[in-house]
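Numbering (our numbering), first residue to last: 2 to 621.
By construction, the Cβ of each residue, glycine as well, lies at the ideal position given by its N, Cα and C atoms.
Read the structure below first, then the notes.
In structure tokens:
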């Protein structure tokens with residue numbers, strides 16, 4: 002085999018390699034290029050004709066990504082502490098599997114436990130993200146089987162359940178080893194969709210209730226025609242010359258050639274919230290390049306960076322070269338085209354350059370199509386300028402921008418006084434963020450139970466009556482006070498009084514026995530009935546696949562993309578999203594139904610195979 006020092010295949014094979022890498026990565030494509038109208042078509046054609054890719058062999062020419070998909074883990078679980086809304090499951094393989102699992106936990110009389118109206122058998126599902134480490138947490142989805150008589154899972158607790166990969170092979174169901182555990186309080190979907198949603202009463206999620214029992218490495222698979230120890234070693238050496246980490250003070254590379262056809266990658270801390278970009282950068286690293294060729298290529302990349310139609314790819318290739326590209330990328334920050342400025346700033350942020358912060362904040366504020374890219378880059382930039390830029394985004398009108406900035410700042414330092422919240426009975430955290438913008442209340446239904454209030458001294462209007470869950474009632478007591486009462490069968494009624502301040506109302510609901518779902522329902526109900534003036538939003542997070550107009554305009558792209566628009570597609574960084582249904586929603590409650598409620602974004606390339614629920618329905 003010839004050494005990997007020159008392009009081994011025609012361009013058509015390179016295209017096939019790119020396609021394979023895209024499918025394995027679980028994404029649509031590299032960042033699609035969007036730009037304003039090209040002013041010099043001839044000059045653009047000349048730039049595109051420069052044989053940049055032909056002059057150097059890149060890692061993407063000999064390898065494809067491995068391990069960037071999400072893995073579905075499924076199982077059967079038991080929800081307890083229901084308010085007489087559970088049911089005894091009918092005879093089935095699901096029931097048999099659950100009883101067998103209960104016996105391993107030394108549960109006495111499992112059939113008696115299942116027969117109680119305070120318990121329900123549920124199907125459990127979670128997703129192991131790429132690069133997950135042992136002990137990492139993720140969200141869990143629960144729902145009742147199709148023949149269950151359970152009427153509600155509200156207030157229930159999912160007992161510890163074991164999760165495995167499952168597949169149907171040769172007309173039978175096969176299960177793998179236990180790779181995750183699930184346990185915690187069930188937050189039913191109807192809390193956010195309204196009491197009229199009967200289906201939402203019997204399905205929900207356990208926020209952060211999944212625990213990974215195994216680590217998932219990522220890496221590069223060497224293409225079959227390039228298999229050799231030499232190629233694998235060359236790829237590893239090229240990566241380690243660009244990326245390294247420290248282990249107990251010892252510097253070491255992130256790539257480990259395991260075999261002649263596989264190189265394992267350790268995730269660099271700079272890219273821990275955007276693994277797909279990390280692999281793209283690694284694949285853009287040249288395997289071998291002479292100093293003379295490097296100078297020539299830098300010159301070509303500089304010209305391409307300053308042209309909107311080629312700036313995205315040029316920025317990725319410059320970022321792959323490391324610090325020597327900073328000089329060129331800084332020139333992109335002074336370009337007249339906002340897209341060029343963004344791509345240059347994004348790469349500079351991942352290179353640790355503070356000069357990128359202002360341009361990224363401007364993009365997050367004014368360019369919805371690039372918003373999550375920009376905030377993810379700011380979260381990766383460990384500098385006070387990035388911190389200040391994120392804090393400035395607390396004041397903008399966009400709810401998703403404000404909350405994404407909050408989450409990115411928490412990723413920087415969760416103990417910072419600006420974002421540090423207070424825990425209410427260990428059930429959820431409550432954060433108050435000082436802002437000059439309009440007041441906003443944000444409720445989370447992903448990752449962790451938290452309420453983030455943007456603004457100080459928010460008050461309720463005196464409520465005639467307001468329910469917090471099924472057992473707690475809020476009523477106006479006069480004199481700027483609210484009477485909070487709890488009524489539960491078989492228990493003594495409880496009452497407390499508090500002021501109309503939102504902080505006091507939340508605290509009192511918890512003190513009287515309410516949980517996160519009760520508080521969330523009270524806030525949503527208060528907004529619906531006009532007792533709460535600020536906006537109330539649920540999981541307002543940046544979304545993928547937004548259209549960006551080709552022509553420059555101050556009008557937000559999501560409002561009126563028009564015909565002359567192009568989608569900006571790229572996988573969502575894990576900082577902002579996980580894989581459960583409904584993630585990434587931006588739901589504002591104004592009169593009973595959520596505005597902008599949408600199904601989760603699912604890339605056609607990532608359509609999941611038939612899941613656990615469908616298998617059980619077919620077989621039992």
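| query | result |
| --- | --- |
| Under 7 Å from any heavy atom of the ligand SAH, does the C-beta of residue 335 make it? | Absence of the ligand SAH from the depicted structure is noted, as is the absence of any ligand whatsoever, leaving it without description. |
| Are there 16 or more other CB atoms within 10 angstroms of the CB of residue 626, so buried, or fewer, so exposed? | A question about residue 626 goes unanswered here, because the residues of the chain that appear run from 2 up to 621. |
| Between the Cα of residue 138 and those of 207, 345, 189, 159, spot the shortest distance and give me the residue it belongs to. | 207 |
| What separation, rounded to the nearest whole angstrom, lies between the Cα atoms of residue 256 and residue 227? | 18 Å |
| Between the segment 53 to 71 and the segment 292 to 300, are three or more C-beta pairs nearer than 8 Å? | yes |
| Between which two residues does the beta strand (DSSP E) carrying residue 469 extend? | 467 to 469 |
| How about residue 158 and residue 98: do their beta carbons lie closer than 8 Å? | no |
| So, with DSSP's three-state summary, where would you put residue 416? | coil |
| Span of the beta strand (DSSP E) holding residue 66? | 64 to 67 |
| List the endpoints of the continuous beta strand (DSSP E) containing residue 143. | 138 to 144 |
| Measuring alpha carbon to alpha carbon, tell me which residue in 94, 204, 508 is nearest residue 189. | 204 |
| Using 10 angstroms around the beta-carbon of residue 423, count the other beta-carbons present and answer buried if the total reaches 16, otherwise exposed. | exposed |
| According to DSSP, is residue 88 part of a helix, a strand, or is it coil? | coil |
| Using the Cβ count rule (16 or more neighbours within 10 Å means buried), how would you classify residue 450? | buried |
| Closer than 7 Å by C-beta to residue 431: which residues in its own chain qualify, once you throw out the five before and the five after it? Chain order, please. | 422, 423, 425, 452, 507 |
| Short of 7 Å in beta carbon distance, which residues of its chain neighbour residue 191, apart from the five on each side in sequence? Order them along the chain. | 198, 201, 202 |
| Taking only three categories from DSSP, how would you classify residue 81? | strand |
| Among 127, 541, 102, 521, which has the Cα closest to the Cα of residue 195? | 521 |
| Assuming residue 74 and residue 129 make a contact with CB atoms under 8 Å, what is their CB distance in whole Å? | 6 Å |
| What is the C-beta distance between residue 261 and residue 289, in whole angstroms, given that I count them as a contact (C-beta under 8 Å)? | Actually they do not touch by this definition, with Cβ atoms about 18 Å apart. |
| Output the residue ranges of the alpha helix (DSSP H) runs that lie fully inside the segment 98 to 123 and measure 4 residues or longer, sorted by chain position. | 111 to 115 |
| Could you tell me the alpha carbon to alpha carbon distance between residue 459 and residue 512, rounded to whole angstroms? | 20 Å |
| Secondary structure at residue 330, three-state DSSP: helix, strand or coil? | helix |
| Identify, in the order they occur along the chain, each residue of the same chain with its Cβ nearer than 6 Å to the Cβ of residue 279, setting aside the five sequence neighbours on each side. | 272 |
| For residue 669, list the residues DSSP reports as bridge partners. | Given a span of 2 to 621 for the chain in the structure shown, any question on residue 669 remains unanswerable. |
| For residue 532, which of helix, strand or coil comes out of DSSP? | coil |
| Could you name the residues of the same chain whose beta carbon sits closer than 6 Å to that of residue 360, not counting the 5 residues immediately before and after it, in chain order? | 334, 342, 346 |
| Quick one: grab the DSSP three-state call for residue 179. | strand |
| Should residue 145 and residue 211 be called a contact, given that it needs their Cβ atoms to be closer than 8 Å? | no |
| Does the beta-carbon of residue 414 have 16 or more other beta-carbons within 10 angstroms, so that it is buried, or is it exposed? | exposed |
| From 325, 187, 264, pick the residue whose C-alpha is nearest to that of residue 230; which is it? | 264 |
| So residue 504 packs on residue 470, CB below 8 Å; how close in whole Å? | Not confirmed; about 19 Å, so no contact. |
| If you draw a straight line from the alpha carbon of residue 577 to that of residue 494, how long is it in whole angstroms? | Interpretation of residue 577 is limited by its pLDDT of 49, a score under 50 that renders its predicted location unreliable; the figure taken from the coordinates is listed afterwards. Roughly 41 Å between the two C-alpha positions. |
| DSSP three-state label for residue 324, please. | helix |
| Does DSSP put residue 518 in a helix, a strand or coil? | helix |
| Can you give me the C-alpha to C-alpha distance between residue 524 and residue 87, rounded to a whole angstrom? | 27 Å |
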